[in-house]
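As numbered in the numbering used here, residues 1 to 254 make up the sequence shown, in order.
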Amino acid sequence: MSNPQASNPSAGGMGKKTISRDEWNAKLADVQVDREDLNKLIMNYLIIEGYKDAAEKFSHESGAKPPVNLESIQDRMIVRTAIQRGNIEEAIERVNDLNPEILDTNPKLFFHLQQQRLIEYIREGRIMEALEFAQEELAPRGEENPEFLAELERTMSLLAFELTGPSPVSDLLTPAQRQKLASELNSALLLSQSQEKDPKLPALLKMCWYAQQQLDERCTFPKIKDFTKAELVMEPMGTGPIGGASGGASGVGA
Numbered sequence: 001m002s003n004p005q006a007s008n009p010s011a012g013g014m015g016k017k018t019i020s021r022d023e024w025n026a027k028l029a030d031v032q033v034d035r036e037d038l039n040k041l042i043m044n045y046l047i048i049e050g051y052k053d054a055a056e057k058f059s060h061e062s063g064a065k066p067p068v069n070l071e072s073i074q075d076r077m078i079v080r081t082a083i084q085r086g087n088i089e090e091a092i093e094r095v096n097d098l099n100p101e102i103l104d105t106n107p108k109l110f111f112h113l114q115q116q117r118l119i120e121y122i123r124e125g126r127i128m129e130a131l132e133f134a135q136e137e138l139a140p141r142g143e144e145n146p147e148f149l150a151e152l153e154r155t156m157s158l159l160a161f162e163l164t165g166p167s168p169v170s171d172l173l174t175p176a177q178r179q180k181l182a183s184e185l186n187s188a189l190l191l192s193q194s195q196e197k198d199p200k201l202p203a204l205l206k207m208c209w210y211a212q213q214q215l216d217e218r219c220t221f222p223k224i225k226d227f228t229k230a231e232l233v234m235e236p237m238g239t240g241p242i243g244g245a246s247g248g249a250s251g252v253g254a
């Protein structure tokens, strides 16, 4: 009696073709990639994310011409820097100076800015100010929006734990939290200027990750598991390309 798995190469991972590292490298060497296209891709990322100094240096070193006047991203860079320093009041003032309609027409973004102000109060140990601010500025918005209320409750949970120790909400105190808000605000500024709000590079990384997942079902081959290292490994696919994080390539450029 025949074994069903033996007759079906896909069953249980049996019979998968194996592509050696040498074979894979040879295939990669045959792929022609235009350096000008790569430079445009990198420049697109630097401009949209607001890295003016890096864009200037890259333009000088690579000869790639930026599609916009780099001075035009100075204001966005100032706003991003203020967020990354935790100076939310300055960021709000800068945005209102540029275009007050941005926050007036985007209640979710404005709530996230106010939420970050609350986080900074708690981080600095200004507990009474944090409580007053939450009650006066955030609680009314939470009453109107269940999503905002859930985020407010999670933020207030910081008060129940040591800020330097592990907790279910410790991620709110990481640099990644500020970075996420900075990217959200940067996208809103770009939209207000009728520019692209999303860089192309993260989307291409997601496509690459998806293609690897599909190919991994059919054969064993050297693959990139961590896009921050870009090393080829002969291992099964994990859950995400950015240091093993889940959620696809969403961590890139966040």
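The C-beta atom is built at its ideal place from N, Cα and C for all residues, glycine as well.
Spatially closest choice to residue i from the options, by CA coordinates
i: Phe110; options: Gly142, Lys206 and Tyr121; result: Gly142
i: Phe133; options: Gln116, Glu101, Lys40 and Ser62; result: Gln116
i: Leu158; options: Lys180, Ile102, Pro67 and Arg126; result: Arg126
i: Ser62; options: Ile78, Ile42 and Lys52; result: Ile42
i: Ser72; options: Leu190, Leu138 and Ala130; result: Leu190
i: Glu49; options: Gln214, Asp75 and Ala139; result: Asp75
i: Val79; options: Arg123, Ser183, Arg218 and Ser59; result: Ser183
i: Gln135; options: Arg123, Leu28 and Leu149; result: Leu149
i: Glu124; options: Asn87, Glu147 and Pro140; result: Asn87
C-alpha distance - residue i paired with residue j, whole-angstrom precision
i: Pro67; j: Asp37; result: 13 Å
i: Val298; j: Asn44; result: Here the chain covers residues 1 to 254 and nothing more, so residue 298 does not appear.
i: Glu166; j: Ala188; result: According to the sequence as given, residue 166 is Pro; it is not Glu. About 33 Å.
i: Arg94; j: Asn106; result: 16 Å
i: Ala54; j: His112; result: 28 Å
i: Glu151; j: Leu46; result: 31 Å
i: Tyr51; j: Asn186; result: 11 Å
i: Lys17; j: Glu235; result: 14 Å
i: Gly248; j: Ile102; result: Note that Gly248 has pLDDT 41, beneath the 50 cutoff, so the model's placement of it is unreliable and the number below is only indicative. Each residue's Cα considered, the two are about 30 Å apart.
i: Asp34; j: Asp171; result: 40 Å
i: Glu162; j: Ile92; result: 29 Å
i: Leu181; j: Glu90; result: 14 Å
i: Ala6; j: Val233; result: Bear in mind that a pLDDT of 40 at Ala6, under 50, signals an unreliable position, so the number given afterwards is only what the model happens to contain. When rounded, the distance between both Cα atoms is 27 Å.
i: Ile19; j: Cys219; result: 7 Å
Enclosing alpha helix (DSSP H) for residue i [first to last residue]
i: Met156; result: Pro146 to Met156
i: Ile119; result: Pro107 to Arg123
i: Asp37; result: Arg35 to Glu49
- Counting only runs of 4+ residues fully inside the segment 53–102, write out the alpha helix (DSSP H) ranges in chain order. With a minimum length of 4 residues, the continuous alpha helix (DSSP H) runs that stay inside the segment 53–102 are 74–85 and 88–98.
- Item | Meets three-Cβ-pair contact criterion under 8 Å: the segment 211–226 and the segment 17–29 | Short answer: they touch.
- Per the contact definition of three or more C-beta pairs closer than 8 Å, is the segment 162–179 in contact with the segment 192–211? Taking a cut-off of 8 Å on C-beta distances, the segment 192–211 does not touch the segment 162–179, as fewer than three cross pairs fall below it.
- Run through the segment 200–243 for me and flag every whole beta strand (DSSP E) of 3 or more residues, listed as ranges in chain order. The segment 200–243 contains no whole beta strand (DSSP E) run of 3 or more residues.
- Item | Within the segment 173–200, ranges of the alpha helix (DSSP H) (whole runs, at least 4 residues) | 175–192
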